[in-house]
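Mind the numbering: the sequence shown is residues 7 to 224 in full-length UniProt numbering, read in order. Reading through the structure tokens given below for one structure.
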Amino acid sequence: SNENPSKRGHFIVIEGLDRSGKTTQCQMLCEDIGGLDKEFKYIKFPDRITPTGQVINAYLQGEAEHSDETMHLLFSANRWEAVQGILRDLKAGHTIVVDRYAFSGAVYSAAKENPHLSLEWCWNPDIGLPQPDLVLFLDISSEDAAKRGGYGEERYEKQDMQVKVRTLFKRLFARLPNLSVKVIDAGLSMEDVADQIWQAYKELDEAGSPSEELQVLP
Ligand code: NYM
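Put into structure tokens, the structure is as follows:
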């Protein structure tokens, strides 16, 4: 139970390419946090349930066509509509583990063959979203990711796209020097990746509670 209920929860994001093991690692991290008797919430973007999420889901599954710009802004809106809930939960002392966030949002769109979608343009609509206390980037080469039973059938799940996405993730993180990013080799075993994530979580937790006032994405 929470020793000091006035302290806000941690805001943790797990990012990575498709097939990097993000979702499994989010689940393992949540279980471990729950095992410490701490309250947590798991969020995944895109949230395919909301009205924007349903449009996104149809698009990803190839059932609907929309312009690249429209889709980009819908992915961003899908995060903006979650902000109040995130702030409320953090304030209530719950740690939030997020599966993909604004970083995926910027790099997947910027990886498209569309000169209008520069990394800068793609980052802009997410400026002002709550900034995570910690980003865990599960880094895996697209070759190793592809070996894991191959990509799925959704849009973007192609090797040439994944190569660009990986490069863009690194470029984006380099542009955000005040963001706490930990790069984890996702080519390691599931247990080893989970250990490194747990280590990073404990460092964050032991560093004392994060500043009460959440920063926003610059
Ligand atoms: N994706 C995800 C984007 O293109 N923009 C975004 O803002 C987000 C959050 O959606 N291939 C892409 C990355 C994935 C796809 O994500 C679905 P997931 O985690 O496979 O459900």
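For glycine and all other residues, C-beta sits at the position ideal for the given N, C-alpha and C. These figures come from a predicted structure and were not determined experimentally.
Checking 7 Å against the spacing of the C-beta atoms, do residue i and residue j come in under that value?
i, j, result
"residue 96", "residue 17", "yes"
"residue 111", "residue 73", "no"
"residue 101", "residue 46", "yes"
"residue 220", "residue 133", "no"
"residue 80", "residue 61", "yes"
"residue 116", "residue 128", "yes"
"residue 203", "residue 136", "no"
"residue 161", "residue 23", "no"
Once you ignore the five residues that flank residue i on each side, which residues in its own chain have a CB closer than 8 Å to its CB?
i, result
"residue 26", "144, 145, 146, 151, 192"
"residue 59", "52, 53, 84"
"residue 199", "27, 31, 144, 190, 191, 192"
"residue 122", "74, 75"
Using CA coordinates, which residue listed in the options is at the minimum distance from residue i?
i, options, result
"residue 168", "132, 113, 200", "113"
"residue 188", "197, 176, 129", "176"
"residue 120", "88, 78, 200, 39", "78"
"residue 186", "139, 50, 69, 70", "139"
"residue 126", "109, 14, 149", "109"
"residue 178", "65, 130, 91, 76", "130"
Only counting the same chain, and skipping five residues up and downstream in sequence, which positions put a Cβ closer than 7 Å to that of residue i?
i, result
"residue 32", "20, 48, 103, 105"
Provide the residue(s) that pair with residue i in DSSP beta bridges, ordered along the chain.
i, result
"residue 22", "144"
"residue 136", "222"
"residue 49", "104"
With a threshold of 16 other CB atoms inside 10 Å of the CB of residue i, please say whether the residue is buried or exposed.
i, result
"residue 42", "exposed"
"residue 172", "buried"
"residue 88", "buried"
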